[in-house]
Every structure is written in structure tokens, then in C-alpha cells.
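One structure is given below, encoded as C-alpha cells.
Here you go:
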């Protein structure tokens, strides 16, 4: 319907206005008379266009009559076009049905979500489009009750045969007490779950970080696996996450003990509180108490008032990695805190209450250390109300291929590379290799191969692998064995000490190679302590590991 006629002079200035619509444009002639039309339009005059007048939008058509230009201004269809454009920009799916349940309209988000062209559904009834229960359908419920439906879950098969689950909210379209139809807004449930996880991670990070706090950045969803042993372990871990029982995670180096510990914390009611991880083998014995219990000013020369880990983690979780390295003397002091749930700062006289869950990890059997009197039995039982054994990667070989692809995809994303695949012969090596360094070694190998491959490479081949794995391709992929070392001690010149040093150098290198660079396993195989092996490596200039 026409609302306004604007007449222009030869210089395209407005010379006359004529209101013709039922709802006239509320403008005084003096506001527009004499103004250039381009200034009024805010853009050069065209044959067709849009103009804003009196805070409303109108469509115009320019025509030539009796030697002068005339603009015919109308509001018809403008709001409808705006609403359609808004619906096209929405990330939620929008569908509109008439009062009898026949399809009228859908926006692009709905088409993309369900994988259809809305033109195919024009004139069809909802039950002819979707295989849904008539009594439970969001749209048909709205039309039947004439009431809104909020956050209903609909599950149906899409055109391609896959099942889609959506969360829907819908409203009846009622004007002057007459039901014209219904509009439904739909969201993909899987997308909402991903958003929920992002929100959860952000809340956990914000809630648990502070001057001294840390956050668990991983959940059970981040543990890449398909082996039945890992599925059972994660199922059990989720169950025990809901309690406050102390947990001991036992597994070889590189099996992912900390990842499981973070998953437990993230799944637990403590997830919004701090997660503090500490490698016990890296804490000097004389600093252990001050680090865990904190200090008061003046406790010793130069000391300041500072909270310890138990204070910082209050309400949350402390993860004691390599708990087997704690001395029996320190075990006694930790045991008292775990039993009484209170402690004193070093140099302090006041008891501080603490509410902390303890998750510990060990890379060797603590029962053996109990027999060796390196672990106190009472301490062991206090930290291991729940014991979980992580399998070696060699015992879940199918996961090695899954993890390899996962690590490679992560590297491609990180360095903005096109997708890189893994050659079948490489996958065969991965599946048969025993991975003494477990997941950590696999990650190291993938990163090495990624860096060794050409920048434009689309596939990782055997040439990209470390030397010891390339050699295995022709040896049936058995675990590496130490070579005969007799010649290093008996051949060549030099003093007795020089010959023994050559022998020791080669023995350590071959043992490290056989264990994938794992120092703990190598030390155990050599019958010496981890610290002793590290000392000898430094002395012999063995820095490759």
C-alpha cells in the first residue's frame, strides 16, 4: 500500500510531498522541502531502494512523470523482509507451521541442521516429514494446547538415515484470539553439549585459579581410547569421582596417570575448586614441609608468611605424582594431616583445618616398596582406598593407532598445516611395537616425524620415523634388544678405567634405546636408582634422552 509521494525538481531537491496512506508518515513539509533527495536517502538515488523516515523504514520506487522525478514510498513488505533477514542470521533453527500442522517456512540454520531444502517440504504435513510421535511432537503439542512448549527433546531420523536429537522451544502464533500456526526454535543437542563443556572448563578455570591456584584443564573426554580396558577404567573412575575417597593410580611412565587424575577432579563435586599437582621426586626433602604446610614469618632466617599446598588446595584436590619417592620420614607427617585433616604452618602455633582430596600416582608397585621398607604400610592404606591400574600401551595396541592420528591432527591444527595422513607401513610398525615409553613415547615419535616430514608432505612415511623404529621395520617390530657389549671391554687400547668407561657408556645408551628413553625403566633394568643413572648420564655426556 502506498504511503507517500515525493516530487523532485530538476536538481533532485524535494519540492512537494503528498500523504496517501492510511497511516501517514508523521513529517512536516518543512522538514523535507528543499532538501536534496540523496541527503534524505543517505545514499545516491536509484530506481528502487530503501529510505528511513520518522524512525521507520520504507521502500521507494523512482519514476519519471511529465519531465520530473517522482518517488512512490510504501511500507508494504518491509517489516516482513526484515524479519526474514533476522531469521536467516540466527544460529538456531526456525520452523513455522500453519494451524493444521502443514509446513510453511524454515530458516537456513534449520536446513543446515537437518540437511534438507525447505522447498521440498512446502505443503507437507509435519507427520509426512518426520517420523515422530504425534502425542509428543513439539509443534503438534503447541497446536493442540495453544500453549508454549519449552526445552523439549525431540529425536528423529534425518533424510540421510542418521538420528538427530534436538532441543526445541515453540510458541503458538495467536492474533486477535485466532490461532494462525506455530513457530519452533531448535538446537542440535550435540552442539549444546560442546558449549556446555566449554562453559564448564571456563568456570572451572575461573573458579580454581588465583595467585597460587591451578586448574585441571582436562576431562575424561580428553582421554583418547577405544580399548575395553580403558573404557572400564574410565567408567570406574567416573564412579569414584563422586566420592572423596583417596585414590592411588599405578602405571608405568607415560601411561597418562595425571590425565586420569585431572579427569577425576573435573568430574567430581570439587571441580570448581583448585587442582594442585606436585611431582614429589622434584621436592627436596628439607623443603617438603614448608612447601606442603606453608611457613610463618620468622620460622627461619628469611622466611615469610606463605600458605602451603594444603591451604592453597583447600576444597579441591592435590595430586601427588611419583608418591613412591617420598621418604618414610615425610610420609609420617603427611599421614597425620590426612588422618586429622588439620596442620600447622612451619613456625606457627595455630592449627589450620583443610578439606582436600588426595590422588596419588606411582610408577612402580608400592607393595614391593613396602617390603623394602621404603613405603610405610599405614601411609599406603591411607592413600589407596581406591587403587587403579593403568594398562601399558602395548596392552591396548588398537589405541596406538587412534592416538597417533590424534596427535598428528593436533599438530596440523597447531601449525596450520593441511591434514597429514599416516602410511600403512608406519601404522603396522606402531601396532606391533611394544612402546616401552607408552603414550609419551608415541607422542614424541609423532612430533619427531611431523618435524622431519617435508612442509608440503601429505603423508608420514617410514623415512620420517626415528632411526630405531625404521630399523624395526625389517626386524618384525620386536622390542629393541641390547647388542653384545663384549667387544667394548676387551678390544681397543686404553687403561682399565677407560675401557670400563666405554663399556658403561655403551651399556647405558643401549639400555635407554631399548626402553624408549624411559629413565625409570632403564634404571630398574640396570639395577641402579634413577638418580644414579642420571648422574652417570651426565658424567658420560649422554644428553640425547
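Residue numbers (the numbering used here): 29 to 573. By construction, the Cβ of each residue, glycine as well, lies at the ideal position given by its N, Cα and C atoms.
Under 8 Å between C-beta atoms of residue i and residue j
i           : j           : result
residue 363 : residue 410 : yes
residue 467 : residue 439 : no
residue 489 : residue 448 : no
residue 322 : residue 373 : yes
residue 193 : residue 154 : no
residue 100 : residue 42  : no
residue 248 : residue 295 : yes
residue 394 : residue 386 : no
residue 252 : residue 434 : yes
residue 275 : residue 268 : yes
residue 250 : residue 287 : yes
residue 541 : residue 496 : yes
residue 376 : residue 469 : no
residue 574 : residue 122 : In the structure as shown, the chain begins at 29 and stops at 573. Residue 574 is therefore absent and cannot be evaluated.
residue 353 : residue 313 : no
residue 196 : residue 212 : yes
residue 129 : residue 167 : yes
residue 487 : residue 436 : no
residue 331 : residue 325 : yes
residue 131 : residue 157 : yes
residue 102 : residue 86  : yes
residue 258 : residue 427 : yes
residue 36  : residue 61  : no
residue 493 : residue 461 : no
In DSSP terms, what residue i is bridged to
i           : result
residue 435 : For residue 435, which the question treats as bridged, DSSP gives no partner whatsoever.
residue 367 : None, per the DSSP bridge assignment.
residue 202 : 207
residue 92  : 97
residue 78  : 87
residue 484 : None, per the DSSP bridge assignment.
residue 530 : None; residue 530 has no bridge partner.
residue 335 : 322
residue 214 : 121 and 196
residue 639 : The structure shown does not extend to residue 639, since the chain spans only 29 to 573, so no value can be given for it.
residue 348 : 306 and 388
Exposed unless 16 or more other CB atoms sit within 10 angstroms - verdict on residue i
i           : result
residue 367 : exposed
residue 178 : exposed
residue 408 : buried
residue 297 : exposed
residue 560 : exposed
residue 370 : exposed
residue 301 : buried
residue 239 : Note that residue 239 has pLDDT 42, beneath the 50 cutoff, so the model's placement of it is unreliable and no number is given.
residue 246 : buried
residue 135 : buried
residue 118 : exposed
residue 565 : buried
residue 546 : buried
residue 345 : buried
residue 340 : buried
residue 237 : With a pLDDT of only 48 at residue 237, under 50, the local geometry of the prediction cannot be trusted, and the value read off the model is given with reservation. Exposed, because fewer than 16 other Cβ atoms sit within 10 Å of the Cβ of residue 237.
residue 96  : exposed
residue 550 : buried
query = For the 8 Å Cβ check, are there 3 or more pairs between the region 274-284 and the region 407-424?
reply = yes
query = Curious, which full-length beta strand (DSSP E) runs of at least 3 residues does the region 370-445 contain?
reply = 370-372, 379-381, 385-390 and 414-417
message = Quick check for students: name the residue ranges of the beta strand (DSSP E) that lie wholly in the region 114-180, counting only runs of 3 or more.
response = 121-126 and 131-134
inquiry  = Does the region 165-183 come into contact with the region 83-98, if we say contact requires no fewer than three beta-carbon pairs (one atom in each stretch) closer than 8 Å?
reply    = no
inquiry  = For the region 266-282 against the region 383-402, do three or more pairs of beta-carbon atoms, one drawn from each stretch, fall closer than 8 Å, so that the two count as touching?
reply    = yes
request  = Could you pull out every unbroken alpha helix (DSSP H) segment of at least 4 residues lying fully inside the region 250-328, listed in chain order?
outcome  = 256-269, 285-295 and 316-321
ask   = Does the region 199-215 touch the region 143-157, meaning 3 or more C-beta pairs lie closer than 8 Å?
value = no
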